[in-house]
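Colleague: Heads up: the protein sequence lines correspond to chains A and B, in order. Be aware that the first sequence starts at 1, since it is given in this note's numbering, and climbs by one per residue. Be aware that the second sequence starts at 1001, since it is given in this note's numbering, and climbs by one per residue. C-beta atoms are modelled at their ideal positions from N, C-alpha and C, and glycine is treated no differently.
2 protein chains.
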Amino acid sequence: MPGSKINKLIFTVLLSLAFSDYSGAQNPEWQEVAPGIWKSKIGIPEKLDLLSASKASPSIDGLLRIEDSGFPLPENKIIAEVVNGETMLRFPLVKDEQIFGFGLNFKTVHQRGRILNLHVDHYGGSDNGRTHAPVPFYVSDRGYGVFINSARYLTVYAGTGVRTDSPDAPAERDRNTDKKWTSRPYSDAVEIVVPAAGVEIYIFAGPTAMDAVRRFNLLAGGGCLPPRWGLGFTLRVPTLYTSKQVEQETLLFEEKGFPLDFVGLEPGWQSKAYPCTLEWDTSRFPQPESFVRTMKEKGIHLNLWTNPYISSHSPIYNEILPYTGTHTVWGGVVPDLTMKEAESIISNQMKKSQVNRGISGYKIDECDGYDQWLWPDVAKFPSGNSSEQLRQTYGLLLQRITTQIFRENNSRTYGLVRASNGGGSSFPYVIYNDYYSHEDFITALINSGFSGVLWTPEVRSSKTSEEWLRRMQTVVFSPMAMINAWSSGTKPWSFPEVEKEVKEIALLRMRLMPYFYSEFAKYHFDGIPPFRGMNLEPGFSMKTKSELKNANLDENPYAEAVLKEIKDQYMAGEYLLVAPIFTGQTQREVVLPKGRWYDFYTGAYAGDGEIINVSPGIEKIPVFVKDGGIIPMMGPLLHAPASGQKFDLEIRYYGTAPGSYRLYDDDGETFDYEKGEYSWREIKVTYDKKGKPAGSVSKAVKGKPDNIGKVSWHFMTEK
Amino acid sequence: MPGSKINKLIFTVLLSLAFSDYSGAQNPEWQEVAPGIWKSKIGIPEKLDLLSASKASPSIDGLLRIEDSGFPLPENKIIAEVVNGETMLRFPLVKDEQIFGFGLNFKTVHQRGRILNLHVDHYGGSDNGRTHAPVPFYVSDRGYGVFINSARYLTVYAGTGVRTDSPDAPAERDRNTDKKWTSRPYSDAVEIVVPAAGVEIYIFAGPTAMDAVRRFNLLAGGGCLPPRWGLGFTLRVPTLYTSKQVEQETLLFEEKGFPLDFVGLEPGWQSKAYPCTLEWDTSRFPQPESFVRTMKEKGIHLNLWTNPYISSHSPIYNEILPYTGTHTVWGGVVPDLTMKEAESIISNQMKKSQVNRGISGYKIDECDGYDQWLWPDVAKFPSGNSSEQLRQTYGLLLQRITTQIFRENNSRTYGLVRASNGGGSSFPYVIYNDYYSHEDFITALINSGFSGVLWTPEVRSSKTSEEWLRRMQTVVFSPMAMINAWSSGTKPWSFPEVEKEVKEIALLRMRLMPYFYSEFAKYHFDGIPPFRGMNLEPGFSMKTKSELKNANLDENPYAEAVLKEIKDQYMAGEYLLVAPIFTGQTQREVVLPKGRWYDFYTGAYAGDGEIINVSPGIEKIPVFVKDGGIIPMMGPLLHAPASGQKFDLEIRYYGTAPGSYRLYDDDGETFDYEKGEYSWREIKVTYDKKGKPAGSVSKAVKGKPDNIGKVSWHFMTEK
């Protein structure tokens, strides 16, 4: 190779030019790209990022409904710099400021002081950034949000580093003699490494933290609006069930009076799986089309498990081969979903074989990791996008592609996915995983609300009837009320001792459908997360406290303290505060925000801005309602009302303050709401001069769907 | 900024040129740079790498003593490619091949099938690549080694990825029906991501795995040779001890007859610490010079704890400030140790204040991590080297700089360090940490031997006398026999019930000094790790077995099996097999390699190529000697023999095969051995015609140090 030395020389020169610190540390320039949202381009951002993967477009209407608020941070304290092909970012923090987010964490809510390497992966048991949705977004209790629109593995120092030039640098202390010495001195900045020579960053205005979260969700088009049936009860059947077994099982639900809206078929529906053919197994499902139709006639939708790795036995294998990466997953090829060709091959197969035959949704497995079987970072893809970028966006890409299939059929879907990321709020998917800590599942539910994703604390199996019931109580107050019996074969009545209580709570889920459906509509139109942490609730304030739990220096040599935080109670929609009880507990503390709160079941006054202790017995999960709270409910139907099917409203009202509620109504199944085919109906409680309350429900907009039959009122709180 | 757009355009063009896949996948070109060591440059390697940080130069003499052996891998199966500023590497694996190494792992020995992100850090409880010495070197049981000379965070897929073009690609299986489906299909390559546009790689020939390890150590100049006193017993005293208290404590050792060769002073010797002044605290140590002298007169050397972060109260603060990074650690500035200026400022201070006053060594803390207090990856350093490169090399740099100070005084040192990396074998430092699992400490000891580093399973405190004794038994068979009482204040006699046994084992350490000293000399001259895993021992073969420990798919959804491996016994030098017993155990299995083995204490025959069960009682740690084994010992001195001090040899001989041993002798204290001032003396046992054994010891080379007094023989095995 005679020219090789010269080539190397040229390369060295180019490299040193390209890698040199061309920009220097600087304050980014900001452009308001949507109401209350500012964007800045640092260096040369890459083409494939989170927003380009999700192709989300902002909901300007929704953004305009949020209170106007200026640029929320001191611009001179935001600093960006491209150094040797990496982008370094810095955002200020002030004393006592709290920050939340960075995706689906399972053990912590407060993120200040933590270090994360944001990396799409299965959750491995510690909040280190490797999770199913490592969303590079954080929100501050000072009322602003920050989003790094990058499909790279970002390293986030969420208030740990201390700079020599920091104006708030902590005093140096002598550990030998100064008892105030700490292993973690005060830090006044969030610092982030983006391993790319440029990136887009976004700042979201408040005025409140909730407003910033709303703006973040609305930037991605607002949250998803599931079909009504998506908010019913769902069961995933054992993996090798045949169509006959599925029919028998659903019949049992009907006979026993348990609600069931959709059933999930696990890998056995496919002719081969892990990797997948994306084709029916005709021995277990000889007539998919009539099977799907029969089920639908019984009010039951079907959801299909799949993973994206294509088997050599798949009908699309040869066609998709040129658009796959260098590595296999379980012997299946990995479609480069950033390429239109791969997208349409997958899409067409799903449409033809499944969606056009009436399938209502998917459970998209294995797009998160874990490293042991996913493609390695050395893999190459034909688009030229890096394996890292594919890894960070694969869940988003799959959600976008499958959502689009249903949109084309004008039929909403609601499914499950194992990976998501920033920009995916509008996709009708709920994240799930294999981890099975009940407590940590609730913390994940809280964190989902900071990060524009949904999460289900699914129920699979339990060691005791107590655990079974406790888990069932929380999944009912979540985005998807699911028993995942793929391996266990459990059914809601698997623990006869609590069968009655399980049925009651499952039916409560159905009765709450008008409420939850409206809350999801607020997620869609206004960006308000339907399930969320207390830190987004007005009146909630909890100073975080660090406790030194182990003062033995041999075991804890740096005397590291543990943060005490509220991570086991949450808001379910506008009015309900849910405080789960876990196996083995008979009582618990509940932190009530300022304002009067009432017991959901009895209407009794519970407290006001205080910590109460509750012990409601095994059959109840503690739920509290805000003063003036209106909860629109319906009867204990076994299936969600279909499009056009009227249902009666049972409205509960709590407390003594005048109340109002925005009830959402549309056809419940199609995308026509995007064309304006919906109503917001106002439910109101006012008091007359004698102090007697009266309730009213406004009518649906003329010509729009109207599903409300009779209305009954329940004034829960006695005077 | 009118030119900004044009600048951006130029930058984009340059960037796309520089980042384009200029080289393509290719087979590297190899150059034999030392006997049995080949090097290849891929892309444009960075200036700061592991070998340039350690400035190690190969020991050609040592390499020439290893059997000649050709390039050990099929060249066409080694593939390298620079893609978008990253270097992707691939090395082949064959069926059943086992690989070891990748630094100081604590839970696993076999590395095939694992994924690691090599990152200098404290050990966090799982073998994920974050450890004190994440050495990018692995060795194969097929008799070769591979070293990636990079100071970057490397991602290693040690046989997990499966390529579409793999000639050994495993058959695709249907999980629905095929019981042979596995979540981890067979992989035929080690693949590595180097996040830099080039790198140097090295291949080491065998013929055996041990030969490859030796070549790796010899590339870095061979292993360290501690002073004789370094192999004695050491105690680290409580952090705020005064010189008086230290003197009193060492007096107690003398009175009670416990050996003690060096004492470690913890942070309290410094006027301020965490960050450090590198200056004596004159209240606790009013007269350092005379204190050090007094101690030395009693045969006790002193070792000083420090960390490298400089306090504003340090005499060198103003001078070093220009050569420090953008971030502080505990308020101290971080010297850019890749800069000569920083190096000499630190060096001069240590020399002036400590080494020239007689201090014998350092314990260099906190150069490993952890992220919460180390400088973040956004930090910048004045040399222009990245914070990542500084992180990966900081332990090496500190070892090199401090070793050099002692070399200039022609006085050997032996100390402790919390971080090291590839290229550091020649530095006289032993790694330690805060983690305290006795079992895992032994696995780390095994792994240290694959990676060119030393490790001590230090003793700090114990819950019971049994634990105290069991820990003491293993630290005595390790590179540094240390009680680290910085926080606990423990002393060897802290558990009176086992005081006698602890004393006996501590004195055994002293008696074994001639043996261990010779074994370290073999580490230095021949690259043979003094403490090492069974997998480097001839005659040891153990097929690894995977066990499915949990077949409940709800808890283990991918049916992942756990590897059963031997990680609790090791070789201490040429002849001793050590099989520790842990707290709570009364017996254990020991895997004896092929060949006859004998009990160390009694000389009795133990077994041959078999698994035996032993239950030696609490006072003994099981130790076995190879047939023909010769163990040169000395009397139970309380301090190591000083330079020129003669000591008597007590030679033990085991088994029935003729034996020989290479005994090393030099002045034990200076670097004169590097100028040839040493002897290898041959100890031999031969049998006469009647089968009577006779032993002999050859003389020291004329004019070289000779420390051997009387010689006595102990033929341990009865016929």
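Less than 8 Å between CB atoms is the rule here; does B/H1327 satisfy it with respect to chain A?
Modeller: Chain A contact via Cβ: present.
Colleague: Have a look at B/E1718 and B/A1604 and give me their C-alpha separation to the nearest angstrom.
Modeller: If I take the Cα positions, the gap works out to 7 Å.
Colleague: My understanding is that A/Y124 touches A/A158, with C-beta atoms under 8 Å, so please give their C-beta distance in whole angstroms.
Modeller: Before going further, note that residue 124 of chain A is Gly rather than Tyr in the sequence given. In fact, because the Cβ distance is near 19 Å, the residues do not count as touching under 8 Å.
Colleague: As an exercise, report each continuous beta strand (DSSP E) stretch of at least 3 residues that is fully enclosed by the region 53-118 of chain A, in chain order.
Modeller: DSSP runs (the beta strand (DSSP E)) wholly in the region 53-118 of chain A: 79-83, 86-92, 99-101.
Colleague: Looking only at its own chain, which residues have a Cβ that is under 8 Å from the Cβ of B/G1070, when we skip the five neighbours before and after it?
Modeller: Counting only Cβ-Cβ distances below 8 Å, and skipping sequence neighbours, we find A1205.
Colleague: Could you tell me if A/I60 is buried or exposed, where buried requires 16 or more neighbouring beta carbons within 10 angstroms of its beta carbon?
Modeller: Exposed, since its Cβ has fewer than 16 Cβ neighbours within 10 Å.
Colleague: Between which two residues does the beta strand (DSSP E) harbouring A/P344 extend?
Modeller: A quick correction: the sequence has Ser, not Pro, at residue 344 of chain A. From DSSP, A/S344 is part of no beta strand (DSSP E) but of the alpha helix (DSSP H) over 340-353.
Colleague: Helix, strand or coil: which one does DSSP assign to B/L1017?
Modeller: A caution first: B/L1017 carries a pLDDT of 42, below 50, which makes its placement in the model too unreliable to give a value.
Colleague: According to DSSP, B/S1040 sits in a beta bridge with which residue or residues?
Modeller: Paired residue(s): B/I1201.
Colleague: In angstroms, rounded to a whole number, what distance separates the CA positions of A/S311 and B/P1593?
Modeller: Going from the Cα of A/S311 to the Cα of B/P1593 covers about 45 Å.
Colleague: Look up B/M1472 in the DSSP assignment and say whether it is helix, strand or coil.
Modeller: Of the three classes helix, strand and coil, the one that applies to B/M1472 here is helix, per DSSP.
Colleague: Could you name the residues of the region 180-196 of chain A whose beta carbon sits closer than 8 Å to any beta carbon of chain B, in the order they occur along the chain?
Modeller: Residues W181, S183, R184, P185, E191, I192, V193, P195.
Colleague: Assess, as a yes-or-no matter, whether the region 1549-1564 of chain B is touched by the region 1167-1186 of chain B under the definition of 3 or more beta carbon pairs within less than 8 Å.
Modeller: Verdict: yes, contact present.
Colleague: Pull up the CB-CB distance for A/D121 and A/G369, whole angstroms please, since I reckon it's below 8 Å.
Modeller: About 4 Å separates the two Cβ atoms, so the contact holds.
Colleague: Using 8 Å as the threshold, is the C-beta distance between B/G1424 and B/Q1399 below it?
Modeller: Yes.
Colleague: What does A/P275 reach in chain B if we use C-beta pairs closer than 7 Å?
Modeller: Those within 7 Å of A/P275 in chain B are E1172.
Colleague: Taking Cβ positions only, does B/P1557 come closer than 8 Å to chain A?
Modeller: It does; some Cβ of chain A falls within 8 Å.
Colleague: Do you know how far the Cα of B/G1628 is from the Cα of B/F1396?
Modeller: Note on identity: in this sequence residue 1396 of chain B is Leu, with Phe being the wrong assignment. Taking the straight line from one Cα to the other gives about 39 Å.
Colleague: Just to confirm the assignment, what range does the beta strand (DSSP E) spanning A/N303 have?
Modeller: Note, A/N303: beta strand (DSSP E), 301-306.
Colleague: Does chain B have any CB closer than 8 Å to the CB of A/W330?
Modeller: Yes, contact with chain B.
Colleague: Within 8 Å (strictly less), CB to CB, does B/Y1157 reach chain A?
Modeller: So, interface residue.
Colleague: Give a yes or no on whether 8 Å exceeds the smallest Cβ distance from B/F1582 to chain A.
Modeller: So no, B/F1582 is outside the interface.
Colleague: Which residues in chain A have a C-beta closer than 7 Å to the C-beta of B/D1336? List them in chain order.
Modeller: Residues of chain A passing the Cβ test: none, with the nearest at roughly 12 Å.
Colleague: Would A/P2 be called buried (16 or more neighbouring beta carbons within 10 Å of its own) or exposed?
Modeller: Only weak support exists for where A/P2 lies, its pLDDT of 43 falling under 50; the value from the coordinates is given anyway. A/P2 comes out exposed.
Colleague: Could you give the DSSP three-state label for B/Q1031: helix, strand or coil?
Modeller: B/Q1031 falls in the strand class under three-state DSSP.
Colleague: Between B/V1725 and the rest of its own chain, which residues show a CB-CB distance below 6 Å, the 5 nearest in sequence each way excluded?
Modeller: Here chain B covers residues 1001 to 1719 and nothing more, so residue 1725 of chain B does not appear.
Colleague: Looking at the secondary structure, which residues open and close the beta strand (DSSP E) in which B/S1518 lies?
Modeller: That residue, B/S1518, is in no beta strand (DSSP E); its alpha helix (DSSP H) goes 1513-1526.
Colleague: Quick check on A/Q26: buried or exposed, where buried means 16 or more other Cβ atoms within 10 Å of its Cβ?
Modeller: So A/Q26 ends up on the exposed side.
Colleague: Span of the beta strand (DSSP E) holding A/K244?
Modeller: Per DSSP, A/K244 belongs to no beta strand (DSSP E); it is in the alpha helix (DSSP H), 243-256.
Colleague: Among A/N613, A/V711, A/A419, A/G573, which residue has its Cα nearest to the Cα of A/N105?
Modeller: Checked all of A/N613, A/V711, A/A419, A/G573; the closest Cα to A/N105 is A/A419.
Colleague: Do A/F91 and A/V146 have their beta-carbon atoms positioned less than 8 Å apart in this structure?
Modeller: Result yes, Cβ atoms of A/V146 and A/F91 sit closer than 8 Å.
Colleague: Taking only the alpha-carbon atoms, compute the straight-line gap between B/Q1389 and B/R1152 and give it to the nearest angstrom.
Modeller: If I take the Cα positions, the gap works out to 6 Å.
Colleague: Are the region 631-645 of chain A and the region 510-520 of chain A touching, with three or more C-beta to C-beta distances below 8 Å?
Modeller: They touch, by the three-pair rule.
Colleague: Compare the beta carbon distance of A/P308 and A/C367 with 8 Å and say whether it is the shorter of the two.
Modeller: Taking 8 Å as the Cβ cut-off, A/P308 and A/C367 qualify as a contacting pair.
Colleague: Starting from B/Y1317, trace the alpha helix (DSSP H) in both directions and tell me its first and last residue.
Modeller: First-last of the alpha helix (DSSP H) with B/Y1317: 1317-1320.
Colleague: Which one or two residues does DSSP pair with B/C1276 in a beta bridge?
Modeller: Note: B/C1276 sits in a beta bridge opposite B/I1310.
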